[in-house]
Amino acid sequence: MVALSSQGHLNPMLRIGKRLVNKGLHVTLATTEFTVTACSNLPPSTPPPPPFCFFSDGQSLNYDRMANYESYKKSLAKFGTINLSNLISHKKLSCIITNPFLTWVADVAINHGIPCAMFWIQPCSLYAIYYRFYNKLNSFPTLTDPDMSVELPGLPLLHTEDLPSYVLPSILFGSLPKMFSEMFQNMKRYKWVLGNSFFGLEKDAIESMADLCPISPLGPLVPPSLLGEDEDHDRGVEMWKAEDTCIEWLNKEAPSSVIYVSFGSVVVLSAKQMECIAKALKNSNSPFIWVVKQPDLPEPDGFLEETKDQGVIVSWSPQTKVLAHPAIACFITHCGWNSVLETISAGVPVIAYPKWSDQPTNAKLIVDVFRIGLRLRANQDGIVSNEEVERCIREIMDGPKCVELKSNARELRIAAREAVAGGGSSDKNILLFVDEIIESCV
Ligand code: UDP
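According to our numbering, the sequence shown is numbered sequentially starting from 154.
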């Protein structure tokens, strides 16, 4: 398996690895040497299986990869191709599973005559949208008709605000759309496409791809503890140290009373937006845990002092433990796919605040397909007002839809567990994949 040096990419990949090992395969995860410095708990403390191996991306360890992302990607493709090839040239491999953002890995696999599987890390619905968009199979908004709604098989009607960034005519430049275009027009390079989802969650979107370019969901690939499986020390790799003390604080709170707020590892909110969220949390009078990665929290009206008995602010939380805690009532999230799968597996309803990439579509799925949440609406300045945040908090904690949202969330939690349990849809897909790999070797 080859993964990008990012927590949200490495962890689901590690969990696929573990499931494959449990079915009898030997698995190694290759990633860049930089990952060792980026993650606080890589080997030896990360429990095997699968073991890691590392290749150089051609840059020094202190090179700022995010600040120079465009040139870094070129260097990664150039040196990754050479160094990964060297790494695997003396190994007998029957399959390479790769992250979709590392398109060059498929070429390395082909050059070595090894079948390649792509592990799609966003919802299967996004895979279906991008496949149709980049192969020009359906109509999407254009510069002359930017507000058209998009009708696709297996998906609800998508308005502009529901579409992923990389199909919008205003964003169709830069390296990512180019990479997606090249990838989705050359899907024959992949013998398998694996997804981090489960059939019951995205049935219609998955079925809509069956005759085009099928995707096989193996998930949800979240920590086993969230799925009622043995903890097995699987906390995944961590790029930031989690503040575990918030769990002790949670232990003292009433069941289903706490609002959990996190916008993931990449999204940065403006000071004005932070202020609105702070006001809304304070006015809700509900206990809260708020993950604030920025070094400075704007402090409207003495927020920190006034809420010191109401909530806690952490720079990074043990999110899956927080979501699994009985005190959590709802999750205000940017709708990153890992966070969505984690909240589904924990049975926690959602207030969606999507920003970009797949997040707007994930929010649409949360509200209209999974039916486990509400979506915050921004005003004309692109800011979600404190009144709007308060309205959604009231609605989800105690409003007319509260019971239905909670009950839907509980049902999906059960469905997620059933999918990964022995004989469940994802478990069967893993077995099928393993059988095909073994067959291709004999
Ligand atoms: N996460 C965490 N602690 C935090 C915030 C996030 O452990 O305080 C984890 C979260 O459990 C998830 C990942 O970081 O697994 C974020 O991935 P996601 O796809 O949701 O969003 P991204 O960070 O890629 O935008």
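The C-beta atom is built at its ideal place from N, Cα and C for all residues, glycine as well.
* Asked: Is His478 near Leu403, with beta carbons less than 7 Å apart?
  -> yes
* Asked: Is the closest heavy atom of ligand 1 to the C-beta of Trp490 under 6 Å?
  -> yes
* To do: Return yes when the C-beta of Val419 is under 6 Å from any heavy atom of ligand 1, and no when it is not.
  => yes
* So is Tyr343 in contact with chain D if we call contact Cβ pairs under 7 Å? -> This model lacks chain D altogether; it includes just one protein chain.
* Given Val445, which residues of its chain have a CB within under 7 Å of its CB, disregarding the five upstream and five downstream residues? -> Ile466, Ser468
* Using 6 Å as the cut-off, classify the Cβ of Gln463 as near or not near the heavy atoms of ligand 1, replying yes or no. => no
* **Length of the line joining the Cα atoms of Ser538 and Glu495** => 27 Å
* Asked: So, is Ser278 buried or exposed, given that buried needs 16 or more other C-beta atoms within 10 angstroms?
  -> buried
* **Any non-hydrogen atom of ligand 1 within 6 Å of Ser533 CB** => Sequence check: residue 533 is Gln here, not Ser. No - ligand 1 has no heavy atom lying nearer than 6 Å to the Cβ of Gln533.
* Looking at the structure shown, is Val444 part of a helix, part of a strand, or coil, going by DSSP? -> strand
* Asked: Quick one, which of Tyr222, Ile497, Ile169, Ser369 has its alpha-carbon nearest Arg524's?
  -> Ile497
* Per DSSP, which residues does Leu528 bridge with? Please list them. => Before going further, note that residue 528 is Arg rather than Leu in the sequence given. Beta-bridge pairing links Arg528 to Ala505.
* Asked: Going by DSSP, which residues form a beta bridge with Gly464?
  -> Phe441
* To do: For Gly526, verify whether its CB is less than 6 Å away from any heavy atom of ligand 1.
  => no
* Asked: Looking at Ser126 and ligand 1, is the gap between the Cβ and the nearest heavy atom below 6 Å?
  -> Only positions 154 to 595 of the chain appear in the structure, and residue 126 is not among them; the question remains open.
* Asked: Where do the ends of the beta strand (DSSP E) carrying Ser242 lie?
  -> Looking at the DSSP string, Ser242 is not in any beta strand (DSSP E), and its letter there is neither H nor E.
* To do: Since I believe Ser470 is in contact with Glu396 (beta carbons under 8 Å), could you give me their beta-carbon distance rounded to a whole number of angstroms?
  => 6 Å
* Residue nearest to Ala499 in terms of C-alpha spacing, selected from Pro440, Phe456, Ala562 -> Ala562
* Asked: Which two residues bound the contiguous beta strand (DSSP E) that contains Trp490?
  -> Looking at the DSSP string, Trp490 is not in any beta strand (DSSP E); the run it does join, the alpha helix (DSSP H), is 490–499.
* Residues near Ser292 by beta carbon distance below 8 Å, same chain, minus five either side -> Met301, Val303
* Asked: According to DSSP, what are the bridge partners of Ile485?
  -> Val414, Ile504
* Bridge partner(s) assigned by DSSP for Thr185 -> Phe208
* **DSSP-derived helix/strand/coil call for Trp345** => strand
* Quick one: what does DSSP say Phe272 is sitting in, helix, strand or coil? -> strand
* **Where Pro370 sits in the DSSP three-state scheme** => strand
* Asked: Quick one, which of Ile412, Ala433, Lys461 has its alpha-carbon nearest Phe441's?
  -> Ile412
* Along the chain, where does the beta strand (DSSP E) that runs through Thr313 open and close? -> Note, Thr313: premise wrong, no beta strand (DSSP E); not H, not E.
* **Closest Cα partner of Gln160 within the set Ser350, Lys356, Val390, Thr181** => Val390
* CA-to-CA distance, Pro204 to Arg544, given in whole angstroms -> 47 Å
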